[in-house]
Amino acid sequence: PDAVKARVNQDSGLLIVAIEPQSPADKAGLMQGDTLVALDGTVTKNLEDLYAGLRKIKVGASQTVKVVRAGEVKEIAVTVGEAGR
Numbered sequence: 353p354d355a356v357k358a359r360v361n362q363d364s365g366l367l368i369v370a371i372e373p374q375s376p377a378d379k380a381g382l383m384q385g386d387t388l389v390a391l392d393g394t395v396t397k398n399l400e401d402l403y404a405g406l407r408k409i410k411v412g413a414s415q416t417v418k419v420v421r422a423g424e425v426k427e428i429a430v431t432v433g434e435a436g437r
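Sequential numbering of the sequence shown, starting at 353, is according to our numbering.
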């Protein structure tokens, strides 16, 4: 949390604990250990925020996610896939 707060001026985000091989997240370059802090410019502090943001996005659309990785902020484009794929 301190690394997140120092970089993006918010107290929390979602720690990515696993990435499904060949998933949209994997293909985009998201990594285990990244902390997801925003989806398409909207702060993502918890699963509710993430799911609310994902419901607004069409499958196949590309969105930018902001993550904190090793203390650095990165913006990564992710193409949204169907749930469970």
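A virtual CB, placed ideally from N, CA and C, is assigned to each residue, including glycine.
Let's test the definition: count the other Cβ atoms within 10 Å of the Cβ of residue i and tell me whether it reaches 16, buried, or not, exposed.
i	result
K410	exposed
V430	buried
L367	exposed
K422	With the sequence shown as reference, residue 422 is identified as Ala, and Lys is not the correct amino acid for it. Exposed: under 16 other Cβ atoms inside 10 Å.
Secondary structure at residue i, three-state DSSP: helix, strand or coil?
i	result
K379	helix
A370	coil
Taking the DSSP output, what are the residues bridged to residue i?
i	result
L388	L366, V419
T431	S414
K408	Looking at the DSSP assignment, K408 forms no beta bridge with any residue, so it has no partner.
So, under 8 Å CB-CB, residue i and residue j are touching, yes? Tell me the CB distance rounded to an integer number of Å.
i	j	result
A390	K418	4 Å
E400	T416	Actually they are not in contact, since the Cβ atoms of E400 and T416 sit about 20 Å apart, beyond 8 Å.
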